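> One structure follows; several queries about it will come next.
There are 2 protein chains.
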Amino acid sequence: MQRYFIYLAYDGTNYHGWQIQPNGSSVQECLMKALSTFLRRDVEVIGAGRTDAGVHASLMVAHFDQEEVLDTVTVADKLNRLLPPDISVYRIRRVKPDAHARFDATARTYKYYVTTAKYPFNRQYRCRVYGALDYDLMNEAARTLFEYIDFTSFSKLHTDVKTNICHISHAEWTKMEGEDTTWVFTIRADRFLRNMVRAIVGTLLEVGRGKLTVEGFRKVIEQRDRCKAGTSAPGNALFLVNVEYPEEILNT
Amino acid sequence: MQRYFIYLAYDGTNYHGWQIQPNGSSVQECLMKALSTFLRRDVEVIGAGRTDAGVHASLMVAHFDQEEVLDTVTVADKLNRLLPPDISVYRIRRVKPDAHARFDATARTYKYYVTTAKYPFNRQYRCRVYGALDYDLMNEAARTLFEYIDFTSFSKLHTDVKTNICHISHAEWTKMEGEDTTWVFTIRADRFLRNMVRAIVGTLLEVGRGKLTVEGFRKVIEQRDRCKAGTSAPGNALFLVNVEYPEEILNT
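Protein sequence lines correspond, in order, to chains Y and D. Here the first sequence is numbered in numbering that gives the first Met the number 0, starting from 0 and rising by one per residue. Here the second sequence is numbered in numbering that gives the first Met the number 0, starting from 0 and rising by one per residue.
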């Protein structure tokens, strides 16, 4: 049995998220349908993680198995013809047979785009915020994230995960190049809880607006209570941009 | 009487172009309505040029007159509240009373975005081309544009302009930064004829596909016959990005 990693990108606007849903279309379902059509059998696809409704990915990784060795360039090309225009496969790669797209991922990176001025382009990928934001304060608060590992405060309630422990290795607001009025929040961690990035962004925006101090942000984390955090920022401005794996599981 | 230049940007997707039309909404109409509402009188607005249906502008310039001196920052702010989200004013500036947004413009620059691979984002701003393009040949053909001044071949038929003479000072395909599969054609001239950029791009794409030689491209120009040129490239991938004026007309 061979295992393959699919590297893909998608515009999540028209999907109910990555994961297959009983009601509503999902990226996973589209990908499984396209693969099943091409390979003429039911193919299961496991993703590196789930993205929420409306959230995009400029890089998502998923795996599937196939008995024989495939010509990966041809498969990628065929999949792109079968998939809708908002999902694009840009690489398929043979990996070790026990490599797992979800369990072997060592880090995920997300980007969140906030704009404080009226800008007519890319509106579907931006969160428009009214009034000025103090990005220095938001970065000061973001740096406190490195001092904690329990992020219960930023997790959706009643999820099925066993632990709320995450190790955040990067969290920073930077000005977007070529788009003066847009700022980007980049966050990297070994794992993320459901809704976590949007809850962190929503709470950091309260710091930026002066409604919460950096010390208050710290308290939100320490109280481990979702109700103390800010409201989640909208999903349309969130992108999964990278998933990392150890080299040894990739090389067959 | 004071004259003001408005610097604005718009996503042209939902408009029948810049110019007021009897049927269909236009950017000029929206801008005139917003200014008229704010200034409580009928205001006329003259643009630097017209953009076709679906064409965007990251920078368009227009002028209007007002008896008294205005607080330009406040006016820009109010206009942005009155205008729809796909039109944004980012600066208003008092200029010499006889400065003219159209007649005094010394150069206009357009950009056209072509993508040869499937890419899920920004699809509304890109022209998707199937098959590989030879960008070296397209650039060789583009450079021949500098040797000609009569562009009748690339003009819409039956327009009301007196001459088809244009001086093209820049015409080049470059790879887009941050978007590997997208190429950008940048063209700058003192003036453009109606449909000219899209006709040039459409004809250069034929060169890139190997359907027309560089010598053939030259002949298309020399024949001064619109029917000899390629079909116009779609408007959704075209952006007006700059309009230039002599400094002395801007400084009051």
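Note that beta-carbon positions come from the ideal geometry of N, C-alpha and C, so glycine has one too. In this text the structure is predicted, and so the values were computed from the model without any measurement.
(1) Could you tell me the alpha carbon to alpha carbon distance between V26 (chain Y) and G11 (chain Y), rounded to whole angstroms?
(2) Determine the closest residue to P83 (chain Y) out of Y:Y109, Y:C29 and Y:G130, with distance taken between C-alpha atoms.
(3) Among Y:R80, Y:N22 and Y:A106, which residue has its Cα nearest to the Cα of V60 (chain Y)?
(4) Give the straight-line distance between the Cα atoms of P233 (chain D) and L239 (chain Y), rounded to the nearest whole angstrom.
(5) I'd like the span of the alpha helix (DSSP H) that includes R39 (chain Y), first residue to last.
(6) Can you tell me whether H169 (chain D) is buried or exposed? The criterion is at least 16 other CB atoms within 10 Å of its CB, across all chains shown.
(7) Going by DSSP, which residues form a beta bridge with A170 (chain D)?
(8) Relative to the C-alpha of F216 (chain D), which residue among D:R193, D:K155, D:E139 and D:L249 is closest?
(9) Against chain Y, with Cβ distances strictly below 8 Å, would R223 (chain D) count as a contact?
(10) Apart from the five residues on each side of it in sequence, which residues of its chain come closer than 7 Å, Cβ to Cβ, to A141 (chain Y)?
(11) I want to see whether chain Y comes within less than 8 Å of P84 (chain D), judged by CB atoms only; does it?
(12) G46 (chain Y) bridges to which residues according to DSSP?
(13) Pair every Cβ in the segment 61-77 of chain D with every Cβ in the segment 235-251 of chain Y, then say whether three or more of these pairs are closer than 8 Å.
(14) Run through chain D and tell me which residues come within less than 7 Å of A8 (chain Y), C-beta to C-beta.
(15) Between which two residues does the beta strand (DSSP E) harbouring N241 (chain Y) extend?
(16) State buried or exposed for Y111 (chain D), treating a residue as buried only when at least 16 other CB atoms are found within 10 Å of its CB.
(17) Does DSSP classify Q1 (chain Y) as helix, strand or coil?
(18) In the DSSP output, which residue or residues are listed as bridge partners for S24 (chain Y)?
(19) What is the rounded straight-line gap between the Cα of E176 (chain Y) and the Cα of R190 (chain D)?
(20) Going by beta-carbon coordinates alone, are L192 (chain D) and S154 (chain D) separated by less than 8 Å?
(21) Express the C-alpha separation of R197 (chain Y) and R127 (chain Y) in angstroms, rounding to a whole number.
(22) CB-CB under 8 Å to D194 (chain Y), same chain, minus the five flanking residues each way: which ones, in chain order?
Taking the geometry as given:
(1) Taken atom to atom, the span from the alpha-carbon of V26 (chain Y) to that of G11 (chain Y) is near 8 Å.
(2) A check of alpha carbon separations from P83 (chain Y) across Y:Y109, Y:C29 and Y:G130 identifies Y:C29 as the nearest.
(3) Looking at the Cα atoms, Y:A106 is the closest of the given residues.
(4) If I take the Cα positions, the gap works out to 31 Å.
(5) First-last for R39 (chain Y): undefined, no H or E at that position.
(6) So H169 (chain D) ends up on the exposed side.
(7) Partner(s): D:I186.
(8) Nearest Cα to F216 (chain D) within the set D:R193, D:K155, D:E139 and D:L249: D:E139.
(9) Contact with chain Y is absent for R223 (chain D), since none of that chain's Cβ atoms lies less than 8 Å from the residue's Cβ.
(10) Non-local C-beta neighbours of A141 (chain Y) in its own chain, meaning closer than 7 Å and more than five positions away in sequence, comprise A170, E171, W172 and L203, ordered along the chain.
(11) Flagged as an interface residue toward chain Y: P84 (chain D), by a C-beta distance shorter than 8 Å.
(12) BP columns for G46 (chain Y) point to Y:A61.
(13) Output reads no: the segment 235-251 of chain Y does not touch the segment 61-77 of chain D.
(14) Within 7 Å Cβ-Cβ: P119.
(15) Residues L237 to E243.
(16) Its Cβ being crowded by 16 or more others within 10 Å, Y111 (chain D) is buried.
(17) Correct three-state label for Q1 (chain Y): strand.
(18) Answer is none; S24 (chain Y) lacks a bridge partner.
(19) Cα to Cα, the separation comes out at about 30 Å.
(20) Cβ distance < 8 Å, so L192 (chain D) and S154 (chain D) count as in contact.
(21) One C-alpha to the other measures close to 14 Å.
(22) Position check: residue 194 (chain Y) holds Asn in this sequence, whereas Asp was assumed. Correct list, in chain order: D51, F153, S154, K155 and S231.
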